[in-house]
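Notes to accompany the following structure.
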Amino acid sequence: MNRINRHKINPMEKKLKTAKINFGVENAEEIFNAIIHGKTTQTALYGFINRVGTNKRNTSKALELLKEHKLRLKRNARASRTVRTTLKPYSAELAKGRDVIDIIQPVLTAWRLHYTKQGIGLVNDQVLILKMVEAAAELKKLTGNKVPDMATAG
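The following block contains the structure:
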């Protein structure tokens, strides 16, 4: 045997990679978690489906979970951009060293005038606390969790 030929690899001798997850056996949640946590890929799942076929319940459900996950990530990214866009001018003011109370003073004044017309005299700090209590109640409705150490209205 010649020296060069000794190091050539016969294509038939290549070892097949062992699967990191058995798509045919695992349930949909396990497949989904393996893809999300980088143990395997969605491409590998599609490859399995194309090669072997599918146990429709698990692989279809895993693909559905992935679709929902990607949609949720997209929605979260959109909401994050919206929040950043809304806060951008105020963040610039804070970066300049401006006080938060100075920034929100027009809103506090407007609320104080609103409550004054209803016969309720409040100072800025009371308006601010009232709005934080209302915000905590709204957050509780959205998340189902109470804000720790914060009494909520209603």
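What the sequence shown shows, in our numbering, is residues 20 to 173, in sequence order. No residue lacks a Cβ here, since even glycine has one placed at the ideal position from N, Cα and C.
Straight-line CA distance for residue i to residue j?
{"i": "Arg13", "j": "Thr105", "result": "There is no way to answer for residue 13, as the model of the chain reaches only from 20 to 173."}
{"i": "Asn69", "j": "Lys75", "result": "12 Å"}
{"i": "Ile176", "j": "Glu87", "result": "The chain is shown only over 20 to 173; residue 176 falls outside these bounds and no answer can be derived."}
{"i": "Leu35", "j": "Lys89", "result": "The pLDDT assigned to Leu35 is 47, lower than 50, so where the model puts this residue is not dependable; a value taken from the coordinates is nonetheless given after this. Each residue's Cα considered, the two are about 31 Å apart."}
{"i": "Lys136", "j": "Ala155", "result": "25 Å"}
{"i": "Leu141", "j": "Thr78", "result": "60 Å"}
{"i": "Met151", "j": "Leu158", "result": "10 Å"}
{"i": "Leu113", "j": "Phe67", "result": "53 Å"}
{"i": "Thr101", "j": "Asp168", "result": "29 Å"}
{"i": "Lys107", "j": "Pro125", "result": "18 Å"}
{"i": "Asn174", "j": "Gly163", "result": "An answer regarding residue 174 cannot be provided, because it is not within the stretch 20 to 173 covered by the chain."}
Under the rule that 16 or more other beta-carbon atoms within 10 Å means buried, what is residue i, buried or exposed?
{"i": "Ala81", "result": "buried"}
{"i": "Val146", "result": "buried"}
{"i": "Thr59", "result": "buried"}
{"i": "Ala96", "result": "exposed"}
{"i": "Ala98", "result": "exposed"}
{"i": "Ala129", "result": "exposed"}
{"i": "Ala111", "result": "exposed"}
Check this for me: beta carbons of residue i and residue j, under 8 Å apart or not?
{"i": "Phe64", "j": "Ile50", "result": "The question names Phe, yet the displayed sequence has Leu at residue 64. Cβ distance < 8 Å, so Leu64 and Ile50 count as in contact."}
{"i": "Asn143", "j": "Leu127", "result": "yes"}
{"i": "Gln61", "j": "Leu92", "result": "no"}
{"i": "Tyr109", "j": "Ile120", "result": "no"}
Taking residue i as part of the alpha helix (DSSP H), name the residues at either end of that continuous run.
{"i": "Met151", "result": "143-162"}
{"i": "Gln124", "result": "119-136"}
Going residue by residue through the region 56-97, where are the continuous alpha helix (DSSP H) segments of at least 4 residues, counting only ones entirely within it? 61-71
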